[in-house]
Every structure is written in C-alpha cells, then in structure tokens.
Amino acid sequence: MIPQTPILAVAVLAALLLSALATRWLSARAGTRFGALDVPNARSLHSAPVPRTGGLAVLLGLALPLLALAVLGLVPGVLGWIALALAPVAAVAFVDDLGEVAPRWRLLAQVLGALVLIAVGLRWGVVELPGVAWALPLVASLPLTLLAVVWMTNLYNFMDGMDGLAASMTLFGFGALALLGWNGGEPGYAAVAGCVAAAGAGFLSGNFPPARIFLGDVGSASLGLLAAALALWGAQLGLFPLWVALLAFSPFVVDATWTLLVRLARGERVWQAHRSHHYQRLVLAGWSHRRTLLRAQLLMAAASACAVAAPGLVARDQWLVIGAWCAIYLLVHLKVGLVERAAAGSRA
167 MIPQTPILAV AVLAALLLSA LATRWLSARA GTRFGALDVP NARSLHSAPV PRTGGLAVLL
227 GLALPLLALA VLGLVPGVLG WIALALAPVA AVAFVDDLGE VAPRWRLLAQ VLGALVLIAV
287 GLRWGVVELP GVAWALPLVA SLPLTLLAVV WMTNLYNFMD GMDGLAASMT LFGFGALALL
347 GWNGGEPGYA AVAGCVAAAG AGFLSGNFPP ARIFLGDVGS ASLGLLAAAL ALWGAQLGLF
407 PLWVALLAFS PFVVDATWTL LVRLARGERV WQAHRSHHYQ RLVLAGWSHR RTLLRAQLLM
467 AAASACAVAA PGLVARDQWL VIGAWCAIYL LVHLKVGLVE RAAAGSRA
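Take the sequence shown: its position 239, counting from 1, is numbered 405 in the numbering used here, and each next residue is one higher.
Dropping the structure here:
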C-alpha cells in the first residue's frame, strides 16, 4: 500500500520548489528565446522591459510532480484529458509571447481546449444556487460550457497586468479548490489543485513587486483554462456547486466581467488592450503595485476562505455569503472611484 498522503504532500512541495527554481532561471535570461521581453507601451503599468515567459516555470512546476503522481496511480485519469485540453492553449499562447499570433488562432486553441473538456464530461450541466437547482438540457449545457471555459481562460489573461496579481489569485483560488477536495474526500483532486497553487506560489517569488519576470500569455491563459477545468471537475465530483468555485476566483471574475460589460456599454473595442480594470485604475491613481497587491491579496484570501466554508453551510447562510460578497464588490467599486477622485483633486 502506497502511503498516499505523504507522497501527495511531497508532490505539492516539489511543485513549489520547481516553479521557484525555474522562475529564477528564466528571469536571468532576459532577451533569449526563453526570456522574451515585455516592452512597456501606453497601456502598460511597468516602465522597463521584463521577461514574459514565466508561465513556463509554472507549467514545469506542475508537469513533473503530476506526471509522477499519474505514474503512481494517485491522480484520476481525467487529469490526462485536462492536460490534452491545456496543450493547444499553452502552445499557441507561448508562440504569442515570442512574437504575435492573430486573435482567431488564440480563440481556436481555446475552443479546442474547451471541446476536449466537454467531450470527457466536464461540462456545466446544472445551474445550482443555495437550495435550488435546474438541470440544463444538452442544447444549453454545451454552449454555456464552451463560453464559460473560453471566458475564464481570457479573463485570467486580462487580469494579469500587475506584478504578483495573477500568481496570488493562483495561490488563493486553487488553494481553496485543494482544501475543498481534501475536505470532500478526493485526495487526487486536492493534489492537482494543490500543485497548481504551489506552482503559483513558487512563481510569486520572482513576480512579487517589483517583478523580475511576468507570466506572459502562456502562464495566464494556461491558468485560466485550469481554473475552468478544475471548477467543472470539482462540481462533477460533487465537491461543490459551481458558484462556490466562482466565489473562490471572484476577485478576477467580478473585475474582468464588470469591466467588459462597462466597455461594451460605452461602445469600446473590447478586444483591444486597455487600463480600465479596478487594479489598473488604483495604480494609475497613485497606489503602488505593492499596496494594490496587498489589498487584493486580502480580498482573495477572504473570498477563498468563504468558498471553503460555503459547502458546509445551510442554504440560508449560503445566500447570506453571496449577498455579503455582492455588497463587498460594490464597496470595492465605490472605493476605486473615491481614490480616483481624490487623486484628481490633488493634481488640480
């Protein structure tokens, strides 16, 4: 009998160390094929070129420990299908980091990844809220799953615009999924999510402000696809309803979705880069990257803690949690506006 728990713990630790070591190695190779530079432009928040292939470090930190667990038979076979779904997304994103790929090819890779997940049964089959659930017919389930996976993949990319932000969301969001898996008696699922969280933490060692390296599209798009896949997988296992996973990642989901809707309402070209997200607006209003990140981390930690606790609550208390977080995000939006007005007043 393989001592399962110690091996899973070693895998998570290995993901942390491998990611941190690879991050250090890549950050020292600016300008090489493994250190393609992110040159600042009018929409950037950084002022000097920074290597942008750090996502390779995260993927390496994930791949080796999870491959070892797969060989030992300690993770479910569905992980192989998730890896297959990830492959085209990561490959096209890496090519985009090195040069430029047309948006249609990035979208095609994301759709292919989503279709792989759907083909193996990882789909949005039930709309579930506290105390109520509606089964979705296949004609609605398939396009909704496709849209959800593609949107999650892209919003992670959209939110990766400030030092440490995406790596922190990875640590807290996937960390919450790992705890939910462990609490629900699914150690294999917990190990996969835990390795992703650990790889994010390892990358944060080089990405904390001031960042020496960025995730790039290969990192952010891959993590977005994994967030969608593990949310669908956890719901399929009965560990949590999908709204709990959305709560765990809500600092990203809410900001990106709100910003998209506002830009659509203004008639802006939503596919173009911009600086309209709440975290970008705070930095432009004078907050430092570190101050903004630390506040964001507090929000992420609180959302993740509530997500972990939510499945054990009765329906009434779950609705209270949802209502409280709606109020919190409204307050965040108002706070950002106040900071901007105060900054404009001081410059006047």
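In this text, a Cβ means the ideal position worked out from N, Cα and C, and glycines have one as well.
Collapsed DSSP secondary structure at residue i in the structure displayed
i, result
"Glu434", "coil"
"Pro217", "strand"
"Arg289", "coil"
"Trp453", "coil"
"Pro242", "coil"
"His124", "The structure shown does not extend to residue 124, since the chain spans only 167 to 514, so no value can be given for it."
"Leu500", "helix"
"Gly330", "coil"
"Gly267", "Reading the sequence as shown, one finds Val at residue 267 and not Gly. DSSP places Val267 in coil when its eight states are reduced to three."
"Ala439", "coil"
"Val505", "helix"
"Ile494", "helix"
"Val282", "helix"
"Met167", "Only weak support is given to the placement of Met167: the predicted model assigns it a pLDDT of 41, under 50, and the question is left unresolved by the model."
"Arg513", "helix"
Residue range of the beta strand (DSSP E) that includes residue i
i, result
"Val298", "298 to 301"
"Leu295", "292 to 295"
C-beta atoms of residue i and residue j nearer than 8 Å
i, j, result
"Leu252", "Gly279", "yes"
"Leu381", "Gly246", "no"
"Ala411", "Gly400", "yes"
"Leu308", "Gly347", "no"
"Ala188", "Leu228", "no"
"Val358", "Thr336", "no"
"Phe418", "Leu500", "no"
"Asn373", "Gly433", "no"
"Thr311", "Trp290", "yes"
"Leu403", "Ala473", "no"
"Ala342", "Ser185", "no"
"Asp262", "Asp421", "no"
"Phe369", "Ala223", "yes"
"Ala462", "Tyr445", "yes"
"Leu250", "Val282", "yes"
"Ala181", "Pro231", "yes"
"Arg429", "Ser442", "yes"
"Trp485", "Pro269", "no"
"Gly354", "Val241", "yes"
"Pro254", "Ile379", "no"
"Val436", "Leu450", "no"
"Ala394", "Ala275", "no"
"Met328", "Thr423", "no"
"Pro375", "His440", "no"
Residue span of the alpha helix (DSSP H) that contains residue i, given as start and end
i, result
"Val316", "304 to 325"
"Leu515", "Outside the displayed span of the chain (167 to 514) sits residue 515, for which this structure offers no information."
Residue environment, residue i, which counts as buried when at least 16 other CB atoms sit within 10 Å
i, result
"Leu392", "buried"
"Leu192", "buried"
"Pro303", "exposed"
"Ala508", "exposed"
"Asp483", "exposed"
"Thr219", "buried"
"Val292", "exposed"
"Ala490", "exposed"
"Leu243", "Reading off the sequence shown, one finds Gly at residue 243, where the question assumed Leu. Exposed, because fewer than 16 other Cβ atoms sit within 10 Å of the Cβ of Gly243."
"Glu266", "exposed"
"Pro407", "buried"
"Met167", "Because Met167 sits at a pLDDT of 41, beneath the cut-off of 50, its placement in the model cannot be relied upon, and the following sentence gives the value as read from the coordinates. Label assigned to Met167: exposed."
"Trp271", "exposed"
"Leu496", "exposed"
"Gly390", "buried"
"Trp300", "exposed"
"Val502", "buried"
The ligand PLP heavy atom lying under 7 Å from the CB of residue i
i, result
"Ala175", "The ligand PLP is not among the ligands present in this structure, which contains no ligands whatsoever."
(request) Could you name each continuous beta strand (DSSP E) segment of 3 residues or more that falls completely within the segment 346 to 434, going from the start of the chain to the end? (result) none
(message) I'd like the ranges of any alpha helix (DSSP H) spanning at least 4 consecutive residues and lying wholly in the segment 454 to 485.
(response) 455 to 475
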